[in-house]
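Engineer: Quick note on UniProt numbering: the sequence shown kicks off at 1 and runs consecutively.
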Amino acid sequence: MTFIENTDFLTGLQQRVSHPRLTAPAPNSDQMASCYQAAFRAPDHGRLRPWRFVEAQGDQRQALGAVLAQAMLLAQPELTDAQVDKLVNGPLRAPLVILCYAHLTEHPKVPASEQLLATGCAVYGLSLALRALGFGSVWRTGESCYTPAVHRALGLGADDQLVGYLYVGTATTADKSVPELSQDDFVSQFSPL
């Protein structure tokens, strides 16, 4: 089998950046369906398909902010008013917020760590597909991703692990310039001891 060279695809990968400033429009349902199909092609040992996505748009974003704030206040009653406001208003930063989580399955050959990696690859694939359609995104985490009270408030089960929130919309700024990294800093050749 011969693969056809696709330098446009490679250039897109090399120029990927996060877009924290997003506005409407968000992708429509057909565009999202296409992007999810790209995400579902993530490497997946055992074909467990651990990735899950929950969309929040319109008023759902306000409800999500309220749920996050309430859950974090339960876990950390000492939060300041400013911190609570940030939680409440966070989902309003983009017209679409996608909660991304791994549904972990006990498997003799596929540990939870591999399932989390597969989910991370799916989220990355989703962000790349969105970029290919001309949309911006930014993948955010934070303390709420790792707080059990938030997991419960979002309806996640004991076998679910939130991996982040993907904010999606139309970028309001041009791609920022990011310096090219040196391969020598990250890649070496194997040498037996």
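All C-beta atoms, glycine included, are put in the ideal place defined by N, C-alpha and C.
Suppose the cutoff is 7 Å on Cβ atoms and the five residues either side in sequence are ignored; what does the same chain contact list for residue 136 look like?
Structural biologist: Excluding sequence neighbours, residue 136 sits near 19, 22, 169, 170 and 171.
Engineer: State whether the segment 83 to 100 contacts the segment 52 to 68, with contact taken as three or more CB pairs (one from each stretch) at a distance under 8 Å.
Structural biologist: Flag = yes, the segment 83 to 100 and the segment 52 to 68 touch.
Engineer: Assign residue 131 to one of two classes, buried (16 or more other C-beta atoms within 10 Å of its C-beta) or exposed (fewer than that).
Structural biologist: Burial call: buried.
Engineer: Just the Cα atoms here: how many angstroms apart are residue 108 and residue 32?
Structural biologist: Going by the C-alpha atoms only, they are around 34 Å apart.
Engineer: If you follow the alpha helix (DSSP H) that residue 101 is part of, which residue opens it and which one closes it?
Structural biologist: Careful: residue 101 lies outside any alpha helix (DSSP H), inside the beta strand (DSSP E) at 96 to 103.
Engineer: Excluding the 5 residues flanking residue 51 on each side, which residues of the same chain have their C-beta closer than 6 Å to its C-beta?
Structural biologist: Taken in chain order, the residues that qualify are 119 and 122.
Engineer: According to the Cβ coordinates, are residue 163 and residue 17 closer than 8 Å?
Structural biologist: Their beta carbons are not under 8 Å apart, which means residue 163 does not touch residue 17 by this criterion.
Engineer: Based on Cα-Cα distance, which residue from 37, 88, 75 and 83 lies nearest to residue 59?
Structural biologist: Ranking 37, 88, 75 and 83 by Cα distance to residue 59 puts 88 first.
Engineer: Quick check on the burial criterion: 16 or more other C-beta atoms within 10 angstroms. Buried or exposed for residue 144?
Structural biologist: Label assigned to residue 144: buried.
Engineer: Excluding sequence positions up to five away, which residues of its chain have a Cβ less than 6 Å from the Cβ of residue 129?
Structural biologist: Closer than 6 Å at the Cβ level, and outside the excluded window around residue 129, lie 35 and 38.
Engineer: Could you tell me which whole alpha helix (DSSP H) segments of length 4 or greater appear in the segment 37 to 84?
Structural biologist: DSSP runs (the alpha helix (DSSP H)) wholly in the segment 37 to 84: 59 to 75.
Engineer: To the nearest angstrom, how far is the alpha carbon of residue 75 from that of residue 47?
Structural biologist: Answer to the nearest angstrom: the Cα atoms are 35 Å apart.
Engineer: Between the alpha carbons of residue 115 and residue 158, how many angstroms are there, rounded?
Structural biologist: Rounded to whole angstroms, residue 115 to residue 158 spans 15 Å at the Cα level.
Engineer: I'd like to confirm the pairing. Which residues does DSSP put opposite residue 137 in its beta bridges?
Structural biologist: 168.
Engineer: If we count the other Cβ atoms within 10 Å of its Cβ and call it buried at 16 or more, is residue 82 buried or exposed?
Structural biologist: Classification of residue 82: exposed, given that the 10 Å Cβ count is below 16.
Engineer: Which residues share a DSSP beta bridge with residue 10?
Structural biologist: Paired residue(s): none; residue 10 is not in a bridge.
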